[in-house]
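Numbering (my numbering), first residue to last: -6 to 350. Ideal Cβ positions, reconstructed from N, Cα and C, are used throughout, including at glycine. Take a look at the structure below.
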Amino acid sequence: MSETREQMLEMAIARLPRIELGVRPTPLEPMERLTNALKGPPLFIKRDDLTGLAFGGNKTRMFEFSLADAKAKGAEVIVTGAAVQSNYCRQIAAACAKLGLELRLFMVPVRPRDRKEVQGNHFLQRLFGAKVTVLEKDDWGERWDLIQAEADDLRKSGRNAYVPRESDTIDLDAIAYVEVALEIVRQCRVMRIEPAELYTAAMDTTQAGLVLGFKFLGVPIQVRGFAPFPGMPDRHSTMADMANQAAERFGIDITVSESDFDSSEEFVGERYGYPTASGIDALETVAQSEGILLDPVYTSKAMSGLFAHIRAGRLDHSKPIIFLHTGGAPALFGYVPEVMPEIGEAPISKFTQATIN
Ligand SMILES: Cc1ncc(COP(=O)(O)O)c(C=O)c1O
């Protein structure tokens, strides 16, 4: 039964326009040293930080569908934007370079240093040739208005501008993660593991796709999403809408509802884009036990949620847990003072001396 559903999903995905940009399938690996350190259930990691394309991440898979849609509609210029240290914008910059598309980015400075410094993802966006505008203030509404105005101006001047993630195409990003659900189910079968839960950093398309995929396949893996933004009370219904839109595009007969989504803001901390102490602790622990880099804004906070649940005894130790790594490590280079305050702002001479002693 399940394998028939898998083939149905595979065929539905194969019918969609797609441009190959990344590396699939990504590995599903055990984290033995981390499992031992936390004394919890067996921990596995799905390495979507290894999807290729400009240091990888969850967006590689999404652009295979959304930029295929842009190309099919004759797009010449892509207009979008997010936070200055956005992984989405780093990866779309690489994808646009590869596909010969012009890219204009409107970027929100989340921290004061985001207006002064060109580092990490921001540096890479520029290196890939994107035209980057950094806003004066941390104003997401203004960013959206500027994106729309830029796209309108381009269209008036006769250029074909495409804005990704509009309401009629957002499900294309979710579809990428329906495919990941399928990938995970097949990998678990080969590895003979039956995970109970999947933890990940997510606020919209990633979780929408995973939940739809597991539900369609009848696989009882509970997705636990950790949102990077506080104050998004509607995200459960937004994700359900995206998933249902994806199901409709696929032509698969399934409906998901808000209650299918488990999404927590508990580990965001003060604000979006500001690392937390527990997130930095998780980031260092994973780096030093597994040689894997998390990021300061998304995955470290989700991992701190997993650590907290293990320490609180909330998880059944007989059932494996998967952590889906959605990427983001290039942002680390823009976050040295927050991640390692003892060296972050120190002059090099002081750091060198401290290291030698
Ligand atoms: C590293 C990382 N993880 C998770 C997410 C969340 O993905 P989604 O918007 O699909 O929920 C993002 C989004 O930018 C991200 O960069």
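Inset, instruction - Starting from the C-beta of ASP107, find all residues in its chain whose C-beta is less than 6 Å away, skip the five residues before and the five after it, and write them out in chain order. - result: Result list for ASP107: VAL77, in chain order.
Inset, instruction - Give every residue of the same chain whose Cβ lies closer than 6 Å to the Cβ of PRO226, excluding the five residues on either side of it in the sequence, and list them in chain order. - result: Excluding its 5 nearest sequence neighbours in each direction, PRO226 has no C-beta neighbour in its own chain below 6 Å.
Inset, instruction - Note down the Cα distance separating ARG54 from GLY211, rounded to an integer number of angstroms. - result: Near 23 Å, if we compare the C-alpha coordinates of GLY211 and ARG54.
Inset, instruction - Ignore the nearest five residues each way along the sequence and tell me which others in PHE99's own chain have a CB closer than 6 Å to its CB. - result: Result list for PHE99: GLY74, THR126, ARG136, LEU139 and ILE140, in chain order.
Legend entry - Cα-Cα separation between LEU120 and PRO20, rounded to whole angstroms: When rounded, the distance between both Cα atoms is 28 Å.
Inset, instruction - Please determine, among ASN80, PHE58, GLU(-4) and ARG179, the residue with the shortest C-alpha to C-alpha distance to VAL290. - result: Considering only alpha carbons, the answer is ASN80.
Inset, instruction - Answer yes or no: do VAL72 and VAL171 have a C-beta to C-beta separation smaller than 8 Å? - result: In this structure, VAL72 sits away from VAL171, with a CB-CB distance that is not shorter than 8 Å.
Legend entry - Under the three-state DSSP convention, the category GLY218 falls into: DSSP places GLY218 in strand when its eight states are reduced to three.
Legend entry - Own chain, CB closer than 8 Å to PHE344, minus 5 neighbours either side, in chain order: Low local confidence applies: a pLDDT of 47 at PHE344 is under 50, so the model's placement there is unreliable, with the coordinate-based value given in what follows. Excluding sequence positions up to five before and after PHE344, its CB lies within less than 8 Å of the CB of ILE336, all in the same chain and listed in chain order.
Legend entry - Continuous alpha helix (DSSP H) stretch holding PHE209: start and end: That run of the alpha helix (DSSP H) goes 198 to 210.
Legend entry - Own chain residues within Cβ distance below 7 Å of PRO221, not counting five before or after: ALA194, MET196, VAL261, TYR265, VAL290, TYR291 and LYS294, listed in sequence order.
Legend entry - Of the residues ALA61, LYS66, MET296 and GLY272, the one placed nearest ILE85, counting alpha carbons only: Nearest of ALA61, LYS66, MET296 and GLY272 to ILE85, Cα basis: ALA61.
Inset, instruction - Spell out a yes or no on whether the stretch 226 to 246 and the stretch 160 to 180 are touching, meaning 3 or more CB-CB pairs, one atom from each, closer than 8 Å. - result: Counting Cβ pairs under 8 Å, three or more are found: they touch.
Legend entry - Cβ neighbour criterion (16 or more within 10 Å) applied to GLU57: The residue is buried, with at least 16 neighbouring Cβ atoms inside 10 Å.
Inset, instruction - Can you tell me the Cβ-Cβ gap for ILE314 and GLU190, rounded? I've got them flagged as a contact below 8 Å. - result: Between GLU190 and ILE314 the Cβ distance is about 5 Å, and since that is below 8 Å, they are a contact.
Legend entry - Any non-hydrogen atom of ligand 1 closer than 7 Å to ASP309 Cβ: The nearest non-hydrogen atom of ligand 1 is 7 Å or more from the C-beta of ASP309.
Inset, instruction - Please go through the stretch 36 to 68 and give each complete beta strand (DSSP E) segment of 3 or more residues, from N-terminal end onward. - result: For the stretch 36 to 68, whole beta strand (DSSP E) runs of length 3 or above, ordered along the chain, are 36 to 40.
Legend entry - Which of helix, strand or coil DSSP assigns to ASP255: Three-state result, ASP255: strand.
Inset, instruction - Provide the residue(s) that pair with PRO23 in DSSP beta bridges, ordered along the chain. - result: Residue pairing by DSSP puts PRO23 in a beta bridge opposite PHE37.
Inset, instruction - Sort GLN200, LYS64 and VAL183 by Cα distance to LYS52 and report the nearest one. - result: Out of GLN200, LYS64 and VAL183, GLN200 has the C-alpha closest to the C-alpha of LYS52.
Inset, instruction - Taking LEU96 as the reference, give the member of GLN118, GLN112, PRO23 and GLY113 with the closest Cα. - result: Looking only at GLN118, GLN112, PRO23 and GLY113, the smallest Cα-Cα distance to LEU96 is reached by GLN118.
Inset, instruction - Could you tell me whether the stretch 42 to 52 touches the stretch 320 to 327, using the rule of 3 or more Cβ pairs below 8 Å? - result: Yes, the stretch 42 to 52 is in contact with the stretch 320 to 327.
Inset, instruction - Report the rounded CA-to-CA distance for ALA5 versus GLY244, giving the unit in angstroms. - result: Roughly 7 Å separates the two Cα atoms.
Inset, instruction - Report all residues from its chain with a CB closer than 6 Å to the CB of LYS91; omit the five preceding and five following residues, and keep chain order. - result: Nothing listed; no residue qualifies.
Inset, instruction - Have a look at ARG228 and GLN281 and give me their C-alpha separation to the nearest angstrom. - result: Those two C-alpha atoms are separated by around 33 Å.
Inset, instruction - Kindly indicate the opening and closing residues of the alpha helix (DSSP H) around LEU98. - result: Looking at the DSSP string, LEU98 is not in any alpha helix (DSSP H); the run it does join, the beta strand (DSSP E), is 95 to 100.
Legend entry - Where the alpha helix (DSSP H) through THR248 begins and ends: Run containing THR248: none; DSSP gives neither H nor E here.
Inset, instruction - Using only the heavy atoms of ligand 1, determine whether one of them is closer than 7 Å to the beta carbon of ASP253. - result: Within 7 Å of the C-beta of ASP253 there is not a single heavy atom belonging to ligand 1.
Legend entry - LEU31 to GLU143 span [Cα, whole Å]: A direct Cα-Cα distance of roughly 49 Å separates LEU31 from GLU143.
Inset, instruction - Please state whether DSSP places ASN350 in a helix, a strand or coil. - result: Caution is warranted here: a pLDDT of 36 is assigned to ASN350, below 50, making its placement in the model unreliable, and the coordinate value is therefore given only provisionally. DSSP places ASN350 in the coil class of the three-state scheme, outside both helix and strand.
Legend entry - Length of the line joining the Cα atoms of VAL329 and LEU205: Rounded to the nearest angstrom, the two C-alpha atoms are 37 Å apart.
Inset, instruction - Look up ILE186 in the DSSP assignment and say whether it is helix, strand or coil. - result: DSSP places ILE186 in coil when its eight states are reduced to three.
Legend entry - The alpha helix (DSSP H) enclosing LEU325, as first and last residue numbers: Note, LEU325: premise wrong, no alpha helix (DSSP H); not H, not E.
Inset, instruction - Just grab the DSSP bridge partners of HIS229 for me. - result: The partner list for HIS229 (beta bridge, DSSP) is empty, contrary to what the question assumes.
Legend entry - Reduced DSSP category for VAL103 - H, G, I as helix; E, B as strand; rest coil: DSSP places VAL103 in coil when its eight states are reduced to three.
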